[in-house]
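Numbering (this note's numbering), first residue to last: 222 to 800.
Ideal Cβ positions, reconstructed from N, Cα and C, are used throughout, including at glycine.
Quick caveat: nothing in here was measured; it's all calculated off a predicted structure.
Okay, structure first, notes after.
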Ligand code: UDP
């Protein structure tokens, strides 16, 4: 019986899909993780079965039954891995060949058809129906990939069968229903960090293979049969066969040849790599489908691969060609410690407690500071040589996250100073404050002593001293017995000053803290939590110090630089490397 698809049927299908989504939502908080997974797979199975019965088509019923059988075999295999259930994987294909609609003829080009004998037809259909579950399982080794390529295949199959001038109602119906179900169960099937598992990979593999056979039965040639599914999997399949061949001829450990692994090798992270492979498969499959559907004009058909090629290049530029500029922990040649506040403090405390007395420096870097390092090689060297370079400023944390650098949280200089003073108070470690306008460091010290009773401040000095006396001042600081020096002379002046006084400040842990003294002295108001949370602390400070506008405008250039880096558009080149 032929099934005719109507608007009403589409409405009913969408309502069923919405029901499936609601069902999953309802049970999510009620079941344990494993129960929830089983519930989803079983409900998918039941809905599929009901929809097949609803279609009233014998072929669809046979295909869905065989797909569900493949799923049951997968479940058995999962439950008893050692019992050899894997060999039963040919069974659904064989049953479909005997009861459904086997491939009865093939045609390589033009209108030359080769009609198959019955047993040839059964063998070819079984092989075809077995190939896909195997392929799906292979793809499923990379979490998320099988689900994504399934979505691509079904979208293209729905489009091809819908727009084809041949009457492909049944193939269209199964493709569309499957696509809608994939969408309804997307959180299970398309999760980038989860695998489908043997049961679902077998179910969908069998179904996709069957759809292509049902589609071909109405007259699409073998080219279409090969091309529709192969188009979707072309890249992984071609690469997979290459891999198998190379494996067969060499004893060397197999080098990963599939596209996904190559993309990963280029420094793209897993979700982006899955997206890239999906997009490429979509382009390849889409172009092949378009060429199939287009009128017979060679010139017109050429447009498709050319366009697809161009798009591929763009895609490669956007994701695949991107090498990690942010090389692990460094950005633009500056290493940044994306650690947590607690870890930074425990590291600092360990240095202070250790017997090894040496000059140490902690840099609290913000976006403007990092911008500065691009043109100031000396500051770049200092930031790199520092014992800790902490991400002060939400702009910098945003950039690190955008460029996939490891970063736990923002560590604002003013907060780090506060926490370190608390530790210093409880451990009896003396501190010294250097910087700020006259009187500011003293007021800051008083405030800190109030906040942290027991804090020992061995001295304060304003930041507008004659630089000719730098060494004298540094020696005075060390001789005061201070173990921690907070320097607020502005960035990068404070880091450069500290570095120039390394010897005089031997045994002192120095921290550059910019405008923090002004905050403790009450001259500058710290932005409320909300402003900090939305990353606009700089704006709050700008209201209080409007003269900063010229400096803050550089934030725009920072954002542009980060995006250029992200999309690999004339990224930063290390001047050292250029030489
Ligand atoms: N400052 C200083 N001596 C100088 C320049 C600046 O003591 O020669 C002080 C200034 O009074 C302020 C602090 O350094 O308290 C921070 O300055 P700025 O706002 O320029 O630095 P940022 O917070 O941007 O690092």
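Distance between beta carbons of residue j and residue i, contact taken as under 8 Å
i: residue 397; j: residue 284; result: About 14 Å separates the two Cβ atoms, so there is no contact after all.
i: residue 691; j: residue 721; result: 7 Å
i: residue 410; j: residue 368; result: 4 Å
i: residue 779; j: residue 588; result: 5 Å
i: residue 716; j: residue 603; result: 5 Å
i: residue 382; j: residue 436; result: 6 Å
i: residue 324; j: residue 346; result: 5 Å
i: residue 534; j: residue 504; result: Not confirmed; about 11 Å, so no contact.
i: residue 420; j: residue 590; result: About 54 Å; that fails the 8 Å criterion.
i: residue 783; j: residue 556; result: 17 Å between Cβ atoms; not a contact.
i: residue 732; j: residue 527; result: Not a contact, Cβ separation roughly 59 Å.
i: residue 683; j: residue 659; result: 5 Å
i: residue 276; j: residue 400; result: 15 Å between Cβ atoms; not a contact.
i: residue 566; j: residue 641; result: 7 Å
i: residue 585; j: residue 734; result: 7 Å
i: residue 423; j: residue 305; result: Incorrect: roughly 15 Å between the Cβ atoms, too far for contact.
i: residue 248; j: residue 257; result: 6 Å
i: residue 568; j: residue 611; result: Not quite, the Cβ-Cβ distance comes to about 10 Å (not below 8 Å), so this is no contact.
i: residue 593; j: residue 600; result: 6 Å
i: residue 238; j: residue 404; result: 7 Å
i: residue 370; j: residue 499; result: 6 Å
i: residue 481; j: residue 377; result: About 20 Å separates the two Cβ atoms, so there is no contact after all.
i: residue 620; j: residue 570; result: That belief does not hold up - the Cβ atoms of residue 620 and residue 570 are roughly 29 Å apart, past 8 Å.
Beta-ladder partner(s) of residue i, from DSSP
i: residue 240; result: Paired residue(s): none; residue 240 is not in a bridge.
i: residue 680; result: 653
i: residue 552; result: 555
Cβ-heavy atom distance, residue i to ligand 1, below 8 Å
i: residue 712; result: yes
i: residue 599; result: no
i: residue 685; result: yes
i: residue 709; result: yes
i: residue 661; result: yes
i: residue 772; result: yes
i: residue 739; result: yes
i: residue 656; result: yes
i: residue 589; result: yes
i: residue 649; result: no
i: residue 756; result: no
i: residue 753; result: no
i: residue 743; result: no
i: residue 735; result: yes
i: residue 715; result: yes
### Task
Scan the stretch 333 to 420 and note each continuous alpha helix (DSSP H) run of 4 residues or more that stays entirely inside, going in chain order.
339 to 360, 366 to 384, 390 to 405, 407 to 410
### Task
Mind listing, in chain order, the continuous beta strand (DSSP E) runs of no fewer than 3 residues lying wholly within the stretch 692 to 747?
705 to 709, 730 to 733
### Query
For the stretch 566 to 615, which segments carrying the beta strand (DSSP E) assignment without a break, of at least 3 residues, lie completely within its bounds, in sequence order?
581 to 586, 609 to 612
### Query
Per the contact definition of three or more C-beta pairs closer than 8 Å, is the stretch 745 to 754 in contact with the stretch 762 to 776?
yes
#### Entry: Completely contained beta strand (DSSP E) runs for the stretch 631 to 658, where each covers 3 or more residues
652 to 656
### Task
Flag this pair as touching only if the stretch 549 to 565 and the stretch 628 to 640 have three or more C-beta atom pairs under 8 Å; answer yes or no.
yes
### Query
Just checking, does the stretch 645 to 659 make contact with the stretch 673 to 680 on the three C-beta pairs under 8 Å criterion?
yes
### Task
Flag this pair as touching only if the stretch 665 to 674 and the stretch 608 to 623 have three or more C-beta atom pairs under 8 Å; answer yes or no.
no
### Meets three-Cβ-pair contact criterion under 8 Å: the stretch 579 to 586 and the stretch 725 to 741
yes
### Query
Between the stretch 632 to 645 and the stretch 654 to 662, do three or more beta carbon pairs fall short of 8 Å?
no
#### Entry: the stretch 229 to 242 in contact with the stretch 354 to 364 per 3-pair CB rule at 8 Å
no
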